[in-house]
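Presented below is the structure to which this report refers.
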Amino acid sequence: MPSRAHDPKAFRAALGSFATGVTVITACSGDGTPVGLTANSFNSVSLDPPMVLWSLAKTSRSLPVFMDTEHWAVHVLAAEQHGLSDVFARAGEDKFAGLEVVAAAGSGVPLLEGCAARFECRTSFRYEGGDHVIIVGEVTAFERSSRSPLVFHAGRYARATEHDRSLPQARSARIAGGLNDDMLGYLLGRAHYQSHAGLRELVREQGLSEAQWIVIAALTVQDGVTAASLDAALSYVLDTPCEPILYALLAQGWIAIAGSAGGPPLYRLSESGRMRSVHLLAAAKSRESDLLARMEGDDGLLLKALLRKFITSTNPGLADLWPAEQGQV
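Converting from the sequence shown to our numbering requires adding 150 to each position, the first position being numbered 1.
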């Protein structure tokens with residue numbers, strides 16, 4: 151059933167169905183004080199001459215500045231700049247503190263760095279628009295980067311992703327209802343294998359099994375842990391107890407016993423083990439960078455974010471390898 155147009159809450163919710171970019175508008179007050187605010191009402195008006203518009207609530211503290219100034223800048227925020235959006239959405243604080251800002255030539259308007267795009271503008275018109283003032287400006291200069299834009303949809307920040315038409319269609323098994331290559335388990339398993347292919351060879355060159363490397367990597371996170379603690383933390387990747395693996399690593403000089411305090415032994419990396427593990431982890435990170443570089447735009451960051459979300463939402467209660475004060479990485 152349609153909601154009536156005079157229901158502000160329902161109207162706002164309906165407008166939230168329209169995904170927008172997020173912008174920060176900046177200007178200078180008459181005494182040179184920088185002013186800025188977050189706005190998602192930005193839009194283009196004309197290509198020739200190049201003109202854009204945005205709207206400002208009549209209740210905004212910044213309204214007098216934008217009614218008086220002739221110069222302002224629109225910053226289309228990049229996907230990783232949601233924190234900047236939050237800062238400029240708040241009132242009553244120094245929003246520019248700690249930010250990298252340059253002054254626009256001629257106008258002195260503060261310009262923010264690291265955005266997806268930036269437009270320097272001169273006011274052309276101002277119109278009344280209900281409880282807002284609509285400001286139209288001519289673009290005098292602009293810059294564009296390759297960064298993906300921040301998106302706002304249904305009251306939340308989001309990322310813009312492209313529909314890749316080049317991807318092949320999912321393939322099904324010969325038997326109806328059998329395996330197809332669009333099943334999540336298959337995709338995750340194959341991605342894991344391919345992402346670790348190069349590292350496996352380096353691990354073998356160090357005389358290590360994959361299980362031994364997993365234990366070593368875990369000991370770079372926690373120093374001085376029991377075999378039982380490692381069993382709990384690594385139960386989802388190892389199907390054998392850690393104790394015999396630890397004995398083998400002790401014999402090879404990768405790890406040492408930190409003490410026991412009257413209880414079971416506490417294991418840590420030896421000095422040589424720490425140095426060698428750092429080299430292997432550096433190789434792993436280099437491999438990761440190479441793989442992510444093959445993906446377009448921010449797809450790599452999006453992939454990681456989605457995997458984190460999937461892990462969190464499906465976690466059956468596994469022990470956490472990372473201490474609480476460190477947080478997961």
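Cβ coordinates follow ideal geometry from the N, Cα and C atoms, glycine included.
Check, Outcome
"Residue span of the beta strand (DSSP E) that contains residue 279, given as start and end", "267-279"
"Contact the region 194-211 vs the region 246-257: 3+ CB pairs below 8 Å", "no"
"Classification of residue 208 by the beta-carbon crowding that lies within 10 angstroms, buried from 16 upward", "exposed"
"Contact the region 230-246 vs the region 155-166: 3+ CB pairs below 8 Å", "no"
"Opposing strand residues paired with residue 193 [DSSP bridges]", "203"
"Collapsed DSSP secondary structure at residue 299 in the structure displayed", "strand"
"Of the listed residues 352, 335, 285, 236, nearest to residue 305 (C-alpha basis)", "236"
"C-alpha distance - residue 239 paired with residue 185, whole-angstrom precision", "12 Å"
"Span of the alpha helix (DSSP H) around residue 264", "Element bounds for residue 264: n/a, residue is neither H nor E."
"Reduced DSSP category for residue 288 - H, G, I as helix; E, B as strand; rest coil", "strand"
"Other residues of its chain near residue 418: CB distance less than 7 Å, five sequence neighbours each side excluded", "369, 373, 374, 405, 406, 408"
"Bridge partner(s) assigned by DSSP for residue 293", "268"
"Range covered by the beta strand (DSSP E) that runs through residue 444", "Counting along the chain, residue 444 falls outside any beta strand (DSSP E), and DSSP gives it neither H nor E."
"Identity of the residue in 337, 364, 196, 338 nearest residue 349 by Cα", "364"
"Integer-rounded CB distance, given that residue 222 should sit under 8 Å from residue 175", "6 Å"
"Residue 297 and residue 229 closer than 8 Å at C-beta", "yes"
"Same chain, Cβ closer than 7 Å to residue 341, five either side skipped, listed in chain order", "none"
"Inter-residue Cα distance where the pair is residue 470 and residue 361", "18 Å"
"Under the three-state DSSP convention, the category residue 416 falls into", "strand"
"Backbone secondary structure at residue 186 - three-state DSSP", "strand"
"Beta carbon of residue 226 nearer than 8 Å to that of residue 266", "yes"
"Contacting residues, own chain, Cβ-Cβ under 7 Å from residue 380 (five flanking each side not counted)", "365, 368, 392"
"Element boundaries [alpha helix (DSSP H), containing residue 462]", "449-464"
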